[in-house]
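Take a look at the structure below.
Chains as they are written, first to last, in the working numbering: chain A, 42 to 512; chain B, 42 to 512.
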């Protein structure tokens with residue numbers, strides 16, 4: 042894909058790079074890969090940022106493998122970029138200074154399950170779907186669902202969340218402890234399996250969302266939940282965006298423990314109607330999921346239906362039957378493909394912001410006006426319980442004029458979210474794409490503090506350089 | 042109180058100290074206090090650590106006040122120790138190197154309430170009870186309840202939690218954003234009011250639990266909850282500790298959203314029977330609280346009653362009437378005074394550990410054996426849903442022989458918790474009292490990382506020196 046190339050950084054000295062790659066070849070044999078195709082795949086972003094390929098890829102199989110890559114790279118001052126599934130959206134896996142990508146996909150073991158404690162220990166490369174398949178027999182699941190079948194290590198590194206964060210929190214809330222390979226190859230243990238602790242600085246959260254710039258996660262202990270007795274789905278169209286948002290606010294205030302509450306705006310509903318052959322009213326739509334016992338689910342659905350009625354919601358349908366659930370949520374499940382169908386062959390640029398929920402209706406409304414004004418196609422899907430929403434921008438990133446409009450749109454979207462007390466990204470991270478907004482969001486002193494942390498933890502600047510806060 | 046004196050640190054140069062105090066006197070007038078009584082009160086620990094008084098106390102009224110104290114102290118290399126209500130339990134407010142205590146009690150305003158967003162902005166000195174009184178009219182509350190009517194800033198600084206963390210999380214989970222005065226007097230903003238964010242390093246969590254050693258919290262944005270429609274209390278005696286813990290585990294696995302689940306061990310029940318004139322069976326007791334609608338509360342109580350029955354629980358009584366709730370929870374409400382009643386005039390040393398819940402019964406049982414072997418009086422109360430428990434050690438800290446036994450007990454308690462995969466403190470923090478256990482818990486590399494963070498954020502080592510990880 043075309044788009045914008047993030048700033049290239051000074052590359053390592055050629056001799057040093059050769060030294061590192063020779064040493065890695067000696068240590069890893071054919072698990073060191075330097076073919077162009079593999080390198081490009083590891084610097085491939087799934088969005089508007091151009092690929093910046095690393096110089097080599099190592100397929101790691103164990104924590105000592107990661108330690109050795111980091112030590113060799115530190116010795117030669119060569120960058121190291123951790124790689125999970127490559128599904129991050131802001132250029133987190135790009136290699137603007139070249140260097141070595143550590144591919145963690147083979148470190149995908151579920152190491153321990155503690156059923157009574159509702160936790161498990163995993164390697165970073167296991168994906169959420171694989172993990173949940175392995176947990177199912179024990180009646181447990183890991184609730185974070187960012188859409189993509191991402192690696193859990195990558196999800197921790199980007200502080201990912203997704204559709205059911207409204208009930209279960211984000212990666213920030215679901216990691217008990219990490220093992221992290223620091224910049225000199227030593228291993229930091231950040232916590233224990235205790236559910237809570239006041240023992241010293243919160244190293245766990247230091248690495249969650251750090252995008253591999255402070256250390257490389259080599260093991261995680263994460264919280265699990267019991268699979269609920271019943272899962273029910275519901276849908277409800279609203280006369281207005283304000284009504285849909287107001288219903289969400291009231292549901293949150295009265296403590297209905299919604300497992301998912303997703304907003305589709307008019308354009309998204311229209312796209313879904315076409316793609317999935319549905320006949321939904323082309324007005325804002327809320328899709329909900331309830332988890333609990335039969336009694337709980339029925340009560341929660343009933344309470345939500347009452348609220349929806351007060352807020353201009355139309356017919357409220359809910360069901361616990363798997364087949365009917367799928368139908369009710371069809372529009373959401375097919376959202377991505379429905380969007381692509383609006384402009385076959387085009388690219389999709391995904392971007393997200395998050396605002397206090399009281400401002401969500403305003404923010405989405407103004408964003409819709411901007412989309413129309415800038416003659417863009419960009420359906421909106423929101424994790425409305427969190428105030429977080431995504432625009433899927435259908436854009437030919439090789440058309441300079443169109444891409445300029447897309448960039449203007451993204452820029453104004455972030456400015457709008459910040460002006461409403463929100464953040465430039467609810468769940469995609471900073472990577473390369475959103476660095477320019479961090480200062481506007483948090484101010485100089487916060488950026489200084491982040492830079493100070495980076496320099497302290499990675500004095501040679503070899504850990505995923507050029508991401509978050511370049512030093 | 043007697044007990045152990047934590048290591049004194051090198052004091053500031055006398056001339057520098059005088060310079061700082063003169064400058065503070067010029068700036069703050071009679072809000073700078075140097076009387077011995079006030080100084081000693083600000084270095085008073087409520088437990089076994091001896092008082093180490095600061096050289097002066099400043100009554101701060103605003104963020105610029107905090108900034109000026111920090112700037113003046115930085116200029117003269119004089120320590121600064123933040124002070125909320127002085128209810129921390131591991132010497133967090135002590136001044137082992139002397140210096141200036143910043144008393145934040147007058148910074149106690151509720152600045153903004155955002156009812157729709159379920160958050161509010163507060164000054165750090167507001168206490169949780171005051172805050173909740175001010176929120177009540179709006180149907181909102183802040184759920185963290187560590188027992189003491191602590192300041193919210195102090196609770197954030199020690200990563201406090203308490204009886205209803207099992208449902209609402211700890212301070213770690215309930216802070217959206219902080220303003221922090223850093224070591225050079227500048228202000229860091231750590232986040233926004235958005236419910237979630239992936240924007241850069243998690244500065245918020247860097248300061249939560251840092252005990253004022255990395256910066257001084259001058260403002261907090263915290264999450265609120267809607268006051269539940271119904272609050273019900275329940276109690277159930279168990280034949281065995283194992284049964285009580287097993288019931289808790291099953292309740293958690295099946296997802297009953299308990300608001301509180303507190304364990305009282307036999308000795309605590311005995312103490313409560315005497316003090317509160319109750320006739321509870323002198324076996325382990327669980328006290329529960331349910332929050333929700335009438336229907337939810339009834340269902341949760343019914344489900345728990347079934348589980349309790351399977352686990353050897355006796356009569357299960359629950360009620361939503363305020364008066365009856367108080368009666369059912371009498372033993373818990375009076376626990377502290379019941380403990381003191383076991384040995385009138387003696388001191389109480391409070392200590393806590395936290396283990397994976399599967400090990401809680403083992404850990405409490407072995408701890409009870411140790412209490413008997415060491416001829417100590419130490420009832421146990423546990424936040425059993427979190428695997429966290431407290432021993433209230435009745436101990437004459439001025440009796441060297443007895444205190445040696447108490448110290449042996451506390452040491453073995455921590456070793457036991459660590460051996461079971463737990464932490465040396467679930468909610469009291471490290472302060473001075475538990476520094477010696479951090480390395481055993483997390484290892485050298487983690488301690489190095491903590492020291493690196495401290496040095497990077499506070500290069501002059503003026504922020505609450507001698508706490509967590511002395512440099």
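Glycine is no exception: its CB is placed at the ideal position from the N, C-alpha and C atoms.
Being a predicted model, the structure only gives us computed values, none of them experimental.
Task: Whole alpha helix (DSSP H) elements within the segment 177-236 of chain A, 4-residue minimum - done: 193-198, 206-209
- [ ] Please look up how many angstroms separate the CB atoms of residue 264(A) and residue 159(A), rounded, as I've assumed it's under 8 Å.
- [x] 6 Å
Task: Range of the contiguous alpha helix (DSSP H) that encloses residue 443(B) - done: 441-460
- [ ] Flag residue 239(A) as yes if its beta-carbon sits less than 8 Å from any beta-carbon of chain B, otherwise no.
- [x] yes
Open item on the list: At the level of alpha carbons, what is the spacing between residue 374(B) and residue 86(A)?
Closed with: Spanning the two alpha carbons is a distance of roughly 57 Å.
Task: Cutoff 8 Å: residue 290(B) Cβ touching any chain A Cβ - done: yes
Task: Coarse secondary structure for residue 134(B), derived from DSSP in three states - done: coil
Open item on the list: I need the straight-line Cα distance from residue 415(B) to residue 451(B), nearest angstrom please.
Closed with: Rounded to the nearest angstrom, the two C-alpha atoms are 11 Å apart.
- [ ] Measure the C-alpha to C-alpha separation of residue 357(B) and residue 277(B) and round it to an integer number of angstroms.
- [x] 5 Å
TODO: Just grab the DSSP bridge partners of residue 279(A) for me.
DONE: 354(A)
Open item on the list: Counting only beta-carbon separations shorter than 8 Å, does residue 165(B) have a partner in chain C?
Closed with: Given the protein chain composition of this structure (A and B), no chain C is represented.
Task: Under 9 Å from the C-beta of residue 469(A): neighbouring residues of chain B - done: 239
Open item on the list: Let's test the definition: count the other Cβ atoms within 10 Å of the Cβ of residue 364(B) and tell me whether it reaches 16, buried, or not, exposed.
Closed with: exposed
Task: Short CB-CB distance (under 8 Å) between residue 423(B) and chain A - done: no
- [ ] For residue 164(A), name the three-state secondary structure that DSSP assigns.
- [x] coil
- [ ] Could you check how far apart the C-beta atoms of residue 391(A) and residue 90(A) are, in whole angstroms? I think they sit under 8 Å.
- [x] Residue 391(A) to residue 90(A), Cβ: 12 Å. No contact.
Open item on the list: So residue 179(B) and residue 154(B) are supposed to be a Cβ contact under 8 Å. How far apart are they, rounded?
Closed with: 6 Å
Open item on the list: Assuming residue 369(B) is part of the alpha helix (DSSP H), what are its boundary residues?
Closed with: 363-369
- [ ] Any chance you could list the beta strand (DSSP E) runs of at least 3 consecutive residues sitting entirely within the segment 291-348 of chain B, in chain order?
- [x] Runs found: 301-305, 326-333.
Open item on the list: Is the beta carbon of residue 65(B) closer than 8 Å to that of residue 58(B)?
Closed with: The answer is no: Cβ separation not under 8 Å.
Open item on the list: Contact criterion: CB-CB distance below 8 Å. Does residue 498(B) meet it with respect to chain A?
Closed with: yes
Task: Assigned exposure category for residue 441(A) - 16 Cβ within 10 Å defines buried - done: A residue is called buried when at least 16 other Cβ atoms come within 10 angstroms of its Cβ; residue 441(A) does not meet this threshold and is exposed.
Task: Span separating the alpha-carbon of residue 383(B) from that of residue 431(B) - done: 17 Å
Open item on the list: Distance cutoff 8 Å, beta carbons only. Does residue 429(B) sit that close to anything in chain A?
Closed with: yes
Task: Proximal residues, the segment 106-119 of chain A versus chain B, C-beta separation under 8 Å - done: Hits within the stretch: zero.
- [ ] Compile a chain-ordered list of the residues in the segment 405-418 of chain B whose CB is closer than 9 Å to at least one CB of chain A.
- [x] none
Open item on the list: Counting only Cβ-Cβ distances shorter than 7 Å, please list the residues of the segment 357-389 of chain A near chain B, keeping chain order.
Closed with: none
- [ ] With residue 393(A) as the anchor, note down where its alpha helix (DSSP H) starts and where it stops.
- [x] Element bounds for residue 393(A): not the alpha helix (DSSP H) but the beta strand (DSSP E), 388-395.
Open item on the list: Please list, in chain order, the chain A residues whose beta carbon lies closer than 7 Å to that of residue 396(B).
Closed with: Those within 7 Å of residue 396(B) in chain A are 235.
Task: Residues near residue 444(A) by beta carbon distance below 6 Å, same chain, minus five either side - done: 438
Task: residue 264(B) (DSSP reduced to helix, strand or coil) - done: Residue 264(B): strand per DSSP, three-state reduction.
TODO: Kindly indicate the opening and closing residues of the beta strand (DSSP E) around residue 503(A).
DONE: Premise fails: residue 503(A) is in no beta strand (DSSP E) and is neither H nor E.
Open item on the list: Rounding to the nearest angstrom, what Cα-Cα distance links residue 214(B) and residue 198(B) in this structure?
Closed with: If I take the Cα positions, the gap works out to 13 Å.
Open item on the list: With the cut-off set at 8 Å, would you say residue 348(A) and residue 257(A) are in Cβ contact?
Closed with: no
Open item on the list: List, in chain order, every chain A residue whose beta-carbon is nearer than 9 Å to that of residue 77(B).
Closed with: Ordered by position in chain A, no residue passes the 9 Å Cβ test against residue 77(B), which lies about 31 Å from the chain.
TODO: Taking residue 207(A) as the reference, give the member of 492(A), 115(A), 332(A) with the closest Cα.
DONE: 332(A)
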